[in-house]
Amino acid sequence: MKYKGKFGEYGGFYVPEVLMPALEELEEAFYKYYQDKEFVTQLNKLLGDYAGRPTPLYYAARFSERLGLKVFLKREDLLHGGAHKVNNTLGQGLLAKFMGKTKLIAETGAGQHGLATAMIGALFGFDTKIFMGTTDIERQSVNVHKMKLCGAEVIPVEGGTGTLKDAINDALRYWTANVTDTFYLFGSACGPHPYPTVVRHFQSCIGKETRRQCLEKIGSLPDMVVACVGGGSNAIGIFSGFLGDKDVRLIGVEAGGEGIKTGKHAASLVAGRIGVLHGSKAYLLQDEQGQVLETESVSAGLDYPAVGPEHCLLKDTGRAEYVEADDDDVLDAFELLSKSEGILPALESAHALAYLCSVKESLSPDITAVVNLSGRGDKDVGIVEKYRPVMTK
Amino acid sequence: MTTYKETFGKLNRAALIPFFVIGDPDFETSLSVVKSAIDAGADVLELGIPFSDPIADGPTIQKADIRALNAGMTVRKALDFIKRVTDYKSIPIGLLVYYNLVYQYGTEKFLKDFKAAGGSSVLVADLSIDDSDEIAGPAKEAGLETVFMITPVTTDERAERIAEKTTGFIYTVSLLGVTGERASLSNMVKPLVTKLKTLTDVPVCVGFGVSSPQHAKAIAAAGADGVIIGSRIVKMIEDNLNDKQKMQSEISVFITQVKSVLE
Numbered sequence: 154m155k156y157k158g159k160f161g162e163y164g165g166f167y168v169p170e171v172l173m174p175a176l177e178e179l180e181e182a183f184y185k186y187y188q189d190k191e192f193v194t195q196l197n198k199l200l201g202d203y204a205g206r207p208t209p210l211y212y213a214a215r216f217s218e219r220l221g222l223k224v225f226l227k228r229e230d231l232l233h234g235g236a237h238k239v240n241n242t243l244g245q246g247l248l249a250k251f252m253g254k255t256k257l258i259a260e261t262g263a264g265q266h267g268l269a270t271a272m273i274g275a276l277f278g279f280d281t282k283i284f285m286g287t288t289d290i291e292r293q294s295v296n297v298h299k300m301k302l303c304g305a306e307v308i309p310v311e312g313g314t315g316t317l318k319d320a321i322n323d324a325l326r327y328w329t330a331n332v333t334d335t336f337y338l339f340g341s342a343c344g345p346h347p348y349p350t351v352v353r354h355f356q357s358c359i360g361k362e363t364r365r366q367c368l369e370k371i372g373s374l375p376d377m378v379v380a381c382v383g384g385g386s387n388a389i390g391i392f393s394g395f396l397g398d399k400d401v402r403l404i405g406v407e408a409g410g411e412g413i414k415t416g417k418h419a420a421s422l423v424a425g426r427i428g429v430l431h432g433s434k435a436y437l438l439q440d441e442q443g444q445v446l447e448t449e450s451v452s453a454g455l456d457y458p459a460v461g462p463e464h465c466l467l468k469d470t471g472r473a474e475y476v477e478a479d480d481d482d483v484l485d486a487f488e489l490l491s492k493s494e495g496i497l498p499a500l501e502s503a504h505a506l507a508y509l510c511s512v513k514e515s516l517s518p519d520i521t522a523v524v525n526l527s528g529r530g531d532k533d534v535g536i537v538e539k540y541r542p543v544m545t546k
Numbered sequence: 370m371t372t373y374k375e376t377f378g379k380l381n382r383a384a385l386i387p388f389f390v391i392g393d394p395d396f397e398t399s400l401s402v403v404k405s406a407i408d409a410g411a412d413v414l415e416l417g418i419p420f421s422d423p424i425a426d427g428p429t430i431q432k433a434d435i436r437a438l439n440a441g442m443t444v445r446k447a448l449d450f451i452k453r454v455t456d457y458k459s460i461p462i463g464l465l466v467y468y469n470l471v472y473q474y475g476t477e478k479f480l481k482d483f484k485a486a487g488g489s490s491v492l493v494a495d496l497s498i499d500d501s502d503e504i505a506g507p508a509k510e511a512g513l514e515t516v517f518m519i520t521p522v523t524t525d526e527r528a529e530r531i532a533e534k535t536t537g538f539i540y541t542v543s544l545l546g547v548t549g550e551r552a553s554l555s556n557m558v559k560p561l562v563t564k565l566k567t568l569t570d571v572p573v574c575v576g577f578g579v580s581s582p583q584h585a586k587a588i589a590a591a592g593a594d595g596v597i598i599g600s601r602i603v604k605m606i607e608d609n610l611n612d613k614q615k616m617q618s619e620i621s622v623f624i625t626q627v628k629s630v631l632e
């Protein structure tokens, strides 16, 4: 490896020896192409024409009125595929193409990354396999159908709780056996180096655009930028645009599940300890021995016991704050945005909204907050109906 | 404690190295099984501490990890287990462990306690040579030997660096993939062992997918110093969970068979 892939003490590449050549190959290719003129031109064209960038920064007037502060939504939910995930899959997919790979694998939780990978698999003519936990297949069945329609094979993973962690385990095992011809298109800003750096780079368009749009629309930078954090790709994408703006508060919202005290949550930065999982040192939900704990969240996309290494560093340095939102508050926020703006947020993104709802009393009315609306909630309608039958009647 | 050098040096044949998950399916049964494997002729033991997310392992060892964890295995108990084994017989024990368990216990303390229990070497499944400083220094300090993996896709340049850092033996992964039984032996074994033998003098052992006495024989014929058999044996535990007598005897018979083809 050329670089250590460390963010402070976090990150690194804690993987079996067999995966090292593939990670080295990826690192080399990333640094060779990410600023290459031809690569950047092709990627920007695809981000515009295929994915729909730039996405709007929308002033949510009625939602703002309900909260008593000014809330702008970065509309990543309007991207093709319905989430920010396509920024990364186009980037890595194009990288795979430049590297001459023809087979893709990916893990998915909510199915958004799986769908975004399946889409570009079709776009570039790759042979695509998506690993997905059986619990997630059940709760995100619409996305499973979409992936299959795009020609991807969806491989059910039964181990553990059948969620994102287990999907990553099996994708890594498959990659181990097929490492010579298969590109692993990792979905979040975690995992072994160089993935946290690669994913951050391809998601940094969110932050760059948002900062520029703030200056154009508001005439100043926002007081706070809020994003949900599972592995942390949409959050690091938007935060990256504001890291140098010390007066802008950066707030990451993790999945509080049924509440931190119940132990049924997925808030690794809020309640975890430093550990090593999936190739990276990071805050991790684990027992005293170091066995990884099962997580719980209403949103499949945040249901993960670890988190990206850069977020760990941002927490330690205090540059970003990390909090959690419970399932109940998330469902309230989902309802509030739907009713006030006619925008159904993904349950993942609704965590960021729920945080604002929970602190609205303590914020002055002239506070400006940007929320990364990382995905749309169509995929979650069934879940919301299950938890809140009255809402959809 | 017997060192690997002594062990491999004394044998005029390939060493037989069975692998077990410590505490599979429970502490006492696991201990009896390991003891009977020693009695049946194991030259070295490779023991694994169960982990919740063993990414280098296939379904058979994943299930064994879950059985052991459900039966209450902890890192502390695993070290006690090793002590009980070395009390029974002085035999080199290589440990296979995932990094988070070592890290949470405290790397230096872990290695010291493992050494005190009679262990010989530690192989961290998810720590490559690039991060070997986190383990190699403290391991040497504790008086342990180092074992690292080399796979069919390891470049010659990496293989040389790995061999340099290895004092115990090179764990040669015979195929691309995770642990698990395979019908036929990987055709990568022979060229890989031949190459490693030109690179280094440290013993070269071969594991992953070794499933029959015939496989073991072919590995020995390829010039390897040791044959590691894991999933095939762990499967015998899984298949006989309701009959511990049969579990033990099947494993003993299998080890005796493999031993006889190596002799």
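The listed protein sequences correspond, in order, to chains A and B. When the first sequence is numbered by the numbering used here, its final residue is 546 and no position is left out of the sequence of numbers. When the second sequence is numbered by the numbering used here, its final residue is 632 and no position is left out of the sequence of numbers. For each residue, glycine too, the CB sits at the ideal point set by N, CA and C. Computed from a predicted structure; not experimentally measured.
Proximity to residue i [Cα-Cα], best of the options
{"i": "A:L374", "options": "A:Q265, A:L509, A:D519 and A:L179", "result": "A:D519"}
{"i": "B:V627", "options": "B:V454, B:I598 and B:L610", "result": "B:I598"}
{"i": "A:Y211", "options": "A:K532, A:Y540, A:A330 and A:V523", "result": "A:V523"}
{"i": "A:P169", "options": "B:V547, B:H584, B:D594 and B:A552", "result": "B:V547"}
{"i": "A:A473", "options": "A:A330, A:G495, A:D400 and A:L509", "result": "A:D400"}
{"i": "A:A269", "options": "A:Q245, A:E291, A:D289 and A:M252", "result": "A:Q245"}
{"i": "B:P582", "options": "B:I498, B:L380 and B:A384", "result": "B:A384"}
{"i": "B:L631", "options": "B:G392, B:A411 and B:L610", "result": "B:A411"}
{"i": "B:Y474", "options": "A:F277, A:S493 and A:G428", "result": "A:G428"}
{"i": "A:E306", "options": "A:G454, A:G313 and A:E260", "result": "A:E260"}
{"i": "A:P345", "options": "A:E463, A:L500 and A:E494", "result": "A:E463"}
{"i": "A:D514", "options": "A:G495, A:E218 and A:G409", "result": "What sits at residue 514 of chain A in the sequence shown is Glu, not Asp. Of the listed residues, the one whose Cα sits closest to A:E514 is A:E218."}
{"i": "A:K417", "options": "A:D479, A:E362, A:L403 and A:A380", "result": "A:D479"}
{"i": "A:N387", "options": "A:L446, A:S341 and A:Q444", "result": "A:S341"}
{"i": "B:V390", "options": "B:N439, B:V542 and B:K374", "result": "B:N439"}
{"i": "A:L243", "options": "A:G409, A:Y203 and A:K256", "result": "A:Y203"}
Cutoff 8 Å: residue i Cβ touching any chain A Cβ
{"i": "B:F479", "result": "no"}
{"i": "B:F420", "result": "yes"}
{"i": "B:Y373", "result": "no"}
{"i": "B:N469", "result": "yes"}
{"i": "B:A589", "result": "no"}
{"i": "B:T515", "result": "no"}
{"i": "B:Q583", "result": "no"}
{"i": "B:L610", "result": "no"}
{"i": "B:D502", "result": "no"}
{"i": "B:A552", "result": "no"}
{"i": "B:A593", "result": "no"}
{"i": "B:A508", "result": "no"}
Residue i, enclosing alpha helix (DSSP H) - first and last residue
{"i": "A:E474", "result": "No alpha helix (DSSP H) contains A:E474, which is instead part of the beta strand (DSSP E) from A473 to D479."}
{"i": "A:D548", "result": "Past the boundaries of the shown model lies residue 548 of chain A; chain A is included only from 154 to 546, so the question cannot be answered."}
{"i": "B:V623", "result": "The sequence shown places Phe at residue 623 of chain B, not Val. That run of the alpha helix (DSSP H) goes K613 to L631."}
{"i": "B:A447", "result": "V444 to Y457"}
Neighbour flag for residue i against chain B, beta carbons, 8 Å
{"i": "A:K318", "result": "yes"}
{"i": "A:Q442", "result": "yes"}
{"i": "A:G428", "result": "yes"}
{"i": "A:V445", "result": "yes"}
{"i": "A:G253", "result": "no"}
{"i": "A:A424", "result": "no"}
Run of the beta strand (DSSP E) containing residue i, from where it starts to where it stops
{"i": "B:V579", "result": "From DSSP, B:V579 is part of no beta strand (DSSP E); its letter is neither H nor E."}
{"i": "A:F166", "result": "Y163 to Y167"}
{"i": "A:Y436", "result": "G432 to L437"}
{"i": "A:M377", "result": "M377 to C381"}
{"i": "A:E306", "result": "E306 to V310"}
{"i": "A:R402", "result": "R402 to G412"}
{"i": "B:F517", "result": "F517 to I519"}
{"i": "B:E415", "result": "L414 to G417"}
{"i": "A:A522", "result": "T521 to N525"}
{"i": "B:P387", "result": "A384 to V390"}
Close beta carbons around residue i, own chain, < 6 Å, minus the five adjacent residues each side
{"i": "B:K615", "result": "N609"}
{"i": "A:A263", "result": "Q293, A453 and G454"}
Other residues of its chain near residue i: CB distance less than 7 Å, five sequence neighbours each side excluded
{"i": "B:E533", "result": "none"}
{"i": "A:I166", "result": "In the sequence as presented, Ile is not what sits at residue 166 of chain A; that position holds Phe. So the list reads M154, G158, L176, P345, H346 and G432, once near-sequence residues are dropped."}
{"i": "A:D469", "result": "G161"}
{"i": "A:Y186", "result": "F192, L248 and F251"}
8 Å Cβ shell around residue i - same chain, five flanking residues per side excluded
{"i": "A:I124", "result": "No statement about residue 124 of chain A is possible, as the shown extent of chain A runs from 154 to 546 and does not include it."}
Within-8 Å CB hit, residue i to chain D
{"i": "A:Y167", "result": "Annotation note: the requested chain D is absent from the structure, which comprises protein chains A and B."}
Quiz item: In chain order, which continuous runs of the alpha helix (DSSP H) of length 4 or greater are located wholly inside the segment 163 to 228 of chain A?
Solution: With a minimum length of 4 residues, the unbroken runs of alpha helix (DSSP H) contained wholly in the segment 163 to 228 of chain A fall at 173 to 186, 190 to 199 and 214 to 220.
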